[in-house]
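Student: Before anything else, here's the structure in question.
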Amino acid sequence: MAPSFSARLSLHVILLSVDLLLLSSVVTPSPGCYSAIFNFGDSLTDTGNLAFLTGGKAPASRPPYGETYFHRPTGRFTDGRIILDFIARAMRLPLVPPYPAGRGRHNFAKGANFAVAGARALSNAFYVAEGFNWFDQLLQSSSPSALAAHDILKQSLFMVGEIGINDYNHVLLDDRPIDSVRAYVAPVVHAIASAIDVIQPLALVRTGAKTVMASGMFPVGCIPVFLAKFRTQDAEAYDPATGCLKWLNEFSQHHNLLLRRQLGRLRQAHPHATIVYADIYGALMSIYASPRRFGMTSPLMACCGGEGPYHFNFSVGCGDPTSTWCGDPWSYVCWDGKHLTEEAYHLQPRPAVDLPPMVDSSITDQFMLTDLQALVRAGAKTVLVSGIFPMDDVDSGGVLWRLVIKQL
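In mature numbering (1 follows the signal peptide of the UniProt record, and there is no 0), the protein residues as written are -29 to -1, 1 to 379.
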């Protein structure tokens, strides 16, 4: 239900409808009016860059990827749309064009997507910092249509992540002890924070952009690739409420905790910027805890894959000649054993979000996010509230975000 407010509180409410997990509304020069989106990440938000860079050889370049919505492969690692597409739609912006795949075909005046599947936080063949190099190239472009004015960036949303899972994959799937895997977390999180810090000098000193949203890691203990890899007869290893592997989800939580701490430091370093944390983990765990409530009949299975536990096979990927797909991806959380379905992106309940920098982070230790009156009394200028609402006017169930601004 929508929160109720005491009549003595003078609050101005701006409604921004967004039916996905990652978007956290923040203060903008004009209510709910972002001019562009610039995204940095990996396969969870890639909209065609890897497909372009590999000459169409990426897994997402072949059917049945894209079947649900586009009815053809688009380079997205899902059956249809991803979170980035829904956020753009909610902001009444066009789909964010991939860069470099879109160079020569788009002017990027409404944003650009620099995410590439397989990108890591730490250096490898392609890593996230390369996306920031592309962004800098775009800013330095001599074409007046590339970015009509730097004022555009003042009202742009910068999305960073999810980033990090590809750094952990090669050690997790190489059967290394969990302690050695955990040793990667601090440098990975530091690299993510440093990448965000790269945005901030550009944004605050050179371009005036002020809004960055960083996403945490999803619960890897619920994802088919890891469930299949670490399958065990030890019932104690699984969460009885969800069927997910507890130790892997604890690893995700550890990553997210360190990331949130780093973001808190960034807020202090850049008090005039709005840096927001998007809790993928909490959003997805709400679905895994009550899958049938959201129409998910096979929450831990891959919709598309090869024969094997959880419909995942390391030798048979989605789109391979011997692979099969479910035909009803709206009943699944996971599409290909590693990435989410369009429906999972679309039906994310109650994501928890860090408060913007105007609110002392210590307040969250004293009050629940939804205790608006307590937050306002504590001096909060901006409060983010999530809740599950009917979304018939948007076309499906989902989340409404409400941005509540205390009038000074």
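For every residue, glycine included, the Cβ atom is placed at its ideal position computed from N, Cα and C. No experiment lies behind these values; they were computed from the predicted model shown.
#1: Give the secondary structure of residue 196 by DSSP, where H, G and I count as helix, E and B as strand, and everything else as coil.
#2: Can you tell me where the beta strand (DSSP E) with residue 395 in it begins and where it stops?
#3: Three-state secondary structure (DSSP) at residue 246?
#4: Going by beta carbon distance, what residues of the same chain come within less than 6 Å of residue 277, once the five residues before and after it are set aside?
#5: Can you tell me whether residue 49 is buried or exposed, with buried defined as 16 or more other CB within 10 angstroms of its CB?
#6: Which residues in the same chain have their Cβ closer than 7 Å to the Cβ of residue 386, if we skip the five residues on either side of it in sequence?
#7: Does the beta-carbon of residue 5 have 16 or more other beta-carbons within 10 angstroms, so that it is buried, or is it exposed?
#8: Looking only at C-alpha atoms, which of 83, 318 and 39 sits nearest to residue 65?
#9: Looking at C-beta atoms only, is the number of pairs between the segment 208 to 215 and the segment 242 to 260 that lie closer than 8 Å three or more?
#10: Helix, strand or coil: which one does DSSP assign to residue 158?
#11: Determine whether the beta carbon atoms of residue 183 and residue 223 lie at a separation below 7 Å.
#12: With distances taken Cα to Cα, identify the nearest neighbour of residue 46 among 57, 28 and 58.
#13: Please name the residue in 303, 308 and 13 whose C-alpha comes closest to that of residue 131.
#14: Which parts of the segment 249 to 283 are runs of the alpha helix (DSSP H), unbroken and 4 residues or longer, counting only runs that do not cross its ends?
#15: Look at the alpha carbon of residue 359 and the alpha carbon of residue 304, and state the distance between them as a whole number of angstroms.
#16: In terms of residues, what are the limits of the alpha helix (DSSP H) holding residue 223?
#17: Under 7 Å between the Cβ atoms of residue 85 and residue 73?
#18: If you draw a straight line from the C-alpha of residue 270 to the C-alpha of residue 93, how long is it?
#19: DSSP beta-bridge partners for residue 84?
#20: With 16 as the cutoff for other CB atoms within 10 Å, does residue 301 come out buried or exposed?
#21: Measuring only the C-alpha atoms, how far is residue 208 from residue 225?
#22: Distance check for residue 76 and residue 42, CA to CA, integer angstroms please.
#23: Could you work out which residue in 145, 89, 189 and 312 is closest to residue 272 when comparing CA atoms only?
#24: Got a sec, what are the start and stop residues for the beta strand (DSSP E) residue 185 sits in?
#25: Using a threshold of 7 Å, state whether the C-beta atoms of residue 233 and residue 160 are closer than that.
Tutor: So, to answer that:
#1: helix
#2: Beyond the ends of the chain as shown, which are -29 and 379, falls residue 395; an answer cannot be given.
#3: strand
#4: 284, 287 and 294
#5: buried
#6: Because the chain is modelled from -29 through 379, residue 386 falls outside the range shown and cannot be assessed.
#7: buried
#8: 83
#9: yes
#10: helix
#11: no
#12: 28
#13: 13
#14: 251 to 260
#15: Model confidence at residue 359 stands at a pLDDT of 32, short of 50, so the residue's coordinates are unreliable; what they give is reported in the following sentence. Cα to Cα, residue 359 sits roughly 18 Å from residue 304.
#16: 217 to 240
#17: no
#18: 31 Å
#19: 10 and 69
#20: buried
#21: 17 Å
#22: 22 Å
#23: 312
#24: 182 to 186
#25: yes
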